[in-house]
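Asks: Dropping a structure here in structure tokens format, bear with me for questions.
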Amino acid sequence: MKNLITRSLTGIVLVAAILGSLLLSKFTFAGLFVVLLLGCLTEFYGLPATAGLRPNRILGLSIGGLTFILSFLIASGKLSPVLYLLIFPLLLLVFMAEMYRQSEVSLQNITTTITGIFYVAVPFSLGNFLVFDSAGTYSPKLMIALLIIIWMYDSGAYLFGVSFGKHRLFERISPKKSWEGAIGGTLLALGAAYVLSIYIPAISLPHWLVIAFFTVVASTFGDLSESMLKRQFGRKDSGNCFPGHGGLLDRFDSLLFAIPVFVFYLKVVVGF
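Under numbering that gives the first Met the number 0, the first residue of the sequence shown carries the number 0, and numbering increases by one thereafter.
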């Protein structure tokens with residue numbers, strides 16, 4: 000019970016901080032999301048330490064942070080998307096720097112460094128295209144909608160899983176997750192999508208229901224993927240900065256898959 004209370008209080012503080020930053024201004028949004036990006040990326044680079052790998056944290060964090068800043072400026076209409084091409088020459092620096100590190104596992108270090116950028120930094124950076132419209136005006140309603148769908152799914156999955164969970168969803172990777180929890184969470188997320196269609200009518204109800212379904216599927220695989228990585232490296236949590244929640248990566252792993260899916264559907268399928 001004590002752990003549940005701690006977990007709930009931590010969750011409330013996190014929700015308040017995220018919503019506050021989104022509603023306050025584009026700069027508070029950017030500031031918080033840069034901190035989350037760098038924190039999650041730092042934890043990701045710490046996972047393979049038990050296997051003797053040493054990803055290049057300095058370059059990884061620098062390129063990851065630059066990716067977010069570029070995305071912020073491009074999404075807000077300040078820079079041309081062609082400047083994304085700057086990222087690729089910078090990735091070559093990871094190879095060049097590894098030559099001077101005298102490591103016996105250079106390829107693994109390089110691939111882990113670059114994987115972290117695409118696994119963590121790119122999804123967070125894509126979030127900029129949810130808070131800026133096509134005219135470059137800041138409007139966080141779509142990001143808030145995404146978070147509501149995920150939070151409703153997580154809450155429903157937990158409640159239904161605890162109450163009715165009998166059939167494991169993916170026991171080898173995450174023994175506590177159940178099909179009953181996933182189904183209950185999905186139903187709650189679809190209910191949230193119905194409410195969102197009322198408040199954001201520019202996107203039709205059928206689109207909201209479809210995007211909510213794909214978002215919860217992506218969210219689940221984001222969670223499972225991080226669990227898979229932790230199991231590989233013998234880690235229970237990615238960090239310990241949140242009481243009852245583990246690390247930053249533990250708390251935001253679902254976003255890493257959900258944001259790209261949400262952005263793709265809205266921009267490509269809906270054309271919003």
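Idealized CB from N, CA, C, for every residue including glycine.
Once the 5 residues before and after ILE199 are set aside, which same chain residues still bring their CB inside 7 Å of it?
Replies: Answer for ILE199: LYS140, ALA144, listed in chain order.
Asks: Thinking C-beta only, is GLY155 closer than 8 Å to GLY115?
Replies: Cβ distance not < 8 Å, so GLY115 and GLY155 don't count as in contact.
Asks: Considering only residues of the same chain and omitting the five flanking positions on each side of SER24, which have a CB-CB separation below 8 Å?
Replies: Cβ within range, chain order: TYR137.
Asks: Kindly indicate the opening and closing residues of the alpha helix (DSSP H) around LYS140.
Replies: Element bounds for LYS140: 140-163.
Asks: Let me check one thing: in DSSP terms, what residues is PHE169 bridge-paired to?
Replies: Answer is SER173.
Asks: Going by beta carbon distance, what residues of the same chain come within less than 7 Å of SER142, once the five residues before and after it are set aside?
Replies: Residue identity check: residue 142 is Met in the sequence provided, not Ser. Excluding residues within five positions, the ones whose Cβ falls inside 7 Å are LEU21, GLY126, LEU129, VAL130.
Asks: Could you tell me which residues DSSP puts in a beta bridge with TYR137?
Replies: Paired residues: PHE131.
Asks: For GLY64, which of helix, strand or coil comes out of DSSP?
Replies: Residue state, collapsed to three classes: helix.
Asks: Say yes only if the C-beta of LEU146 is nearer than 7 Å to one or more non-hydrogen atoms of the ligand NAP, and no if none qualify.
Replies: Summarising the ligand content, the structure contains no ligands, and the ligand NAP is consequently not present.
Asks: Between the alpha carbons of PHE220 and ALA29, how many angstroms are there, rounded?
Replies: Going from the Cα of PHE220 to the Cα of ALA29 covers about 26 Å.
Asks: Put GLY245 into one of helix, strand or coil per three-state DSSP.
Replies: GLY245 falls in the strand class under three-state DSSP.
Asks: Output yes or no for whether 8 Å exceeds the beta carbon distance between PHE123 and PHE67.
Replies: Taking 8 Å as the Cβ cut-off, PHE123 and PHE67 qualify as a contacting pair.
Asks: What residue does the alpha helix (DSSP H) around GLY30 start on, and which one ends it?
Replies: Per DSSP, GLY30 belongs to the alpha helix (DSSP H) from 25-45.
Asks: How big is the Cα-Cα spacing for VAL34 and THR27?
Replies: Roughly 11 Å between the two C-alpha positions.
Asks: Enumerate, from N- to C-terminal direction, the unbroken beta strand (DSSP E) stretches of 3 or more residues contained entirely within the stretch 170-217.
Replies: Entirely contained in the stretch 170-217, the beta strand (DSSP E) runs reaching 3 residues are, in chain order, 173-177.
Asks: What whole-angstrom Cβ distance do PHE232 and CYS39 have, given they're in contact under 8 Å?
Replies: With 8 Å as the limit, PHE232 and CYS39 do not qualify as a contact, their Cβ atoms being about 16 Å apart.
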